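In my numbering, the protein residues as written are 3 to 134. This report concerns only the one structure given below.
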Amino acid sequence: MTLSEINVLVGHGDRAWSKAVEEMLAPRGIRSMVASSAGEAVDILAGSRVHMALVDIDSQVVNGLSIVRAVRGYEPMLPCIMASVRCERPVLSRALELDVFSVIAKPVDTLILQRQLNRLFIKKYNSYVFSE
């Protein structure tokens with residue numbers, strides 16, 4: 003897998019979320035495909051090869067859980083990482099139900115996000131694109 007082939011579905015979130023995601027992906031030449039709704043997420047999945055999804059479940063723009071549910075309906079095995087201010091039992095239970103790869107506390111620590119992305123890409127794609 004080359005860098006130019008990697009597409010990441012990003013649930014449109016707040017400014018801090020968007021910045022953290024951009025800091026991880028852009029320098030590596032990875033394409034962000036932003037969805038502002040669950041329907042847009044499905045449209046992106048239908049039209050492009052997507053390697054993972056990053057969603058903010060606290061977003062005022064679009065609920066990340068609705069994006070993950072839509073992803074699961076269209077592409078059940080697509081790895082997803084969720085971010086939330088509330089990393090408590092109810093959120094973690096929902097993440098487990100949806101087979102989410104990882105839940106990251108907000109505000110997002112870019113080092114933690116990078117480590118989770120690295121872990122995901124090694125495990126799922128045998129790719130070290132996020133290695134430090």
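Every residue gets a Cβ at the ideal spot worked out from N, C-alpha and C, and that includes glycine. This one's a predicted model, so the numbers in the text were calculated from it and none came from an experiment.
Burial state of residue i (16 or more Cβ within 10 Å)
i, result
"Pro78", "exposed"
"Gln118", "buried"
"Leu115", "buried"
"Gly49", "exposed"
"Leu98", "exposed"
Test item: CB-CB of residue i and residue j under 8 Å
i, j, result
"Gly13", "Gly75", "no"
"Trp19", "Val110", "yes"
"Cys82", "Val102", "yes"
"Asp58", "Ala85", "yes"
"Val23", "Leu47", "no"
"Leu80", "Val52", "yes"
Contact set for residue i: own chain, Cβ-Cβ below 7 Å, skip 5 residues either direction
i, result
"Val87", "Asp60, Lys108"
"Leu27", "Val10, Ser34"
"Glu25", "Thr112"
Residue i: first and last residue of the uninterrupted beta strand (DSSP E) it sits in
i, result
"Ile46", "Taken as a continuous stretch (DSSP letters only), Ile46 belongs to no beta strand (DSSP E), being part of the alpha helix (DSSP H) at 40 to 49."
"Ala33", "The question names Ala, yet the displayed sequence has Arg at residue 33. Its beta strand (DSSP E) spans residues 33 to 37."
"Val10", "9 to 13"
Extent of the continuous alpha helix (DSSP H) run through residue i
i, result
"Ser68", "66 to 76"
Residue i beta carbon near the ligand HEM (any heavy atom closer than 7 Å)
i, result
"Glu42", "Ligands are entirely absent from the displayed structure, and the ligand HEM is therefore not among its contents."
Beta-carbon separation (whole angstroms), residue i vs residue j, contact threshold 8 Å
i, j, result
"Val63", "Ser38", "6 Å"
Cut-off 6 Å between Cβ atoms - residues of its own chain near residue i, not counting five sequence neighbours on either side
i, result
"Val36", "Val12, His14"
"Val44", "Ala72, Tyr76"
"Phe132", "Gln116, Leu119, Asn120, Phe123"
"Lys126", "Pro81"
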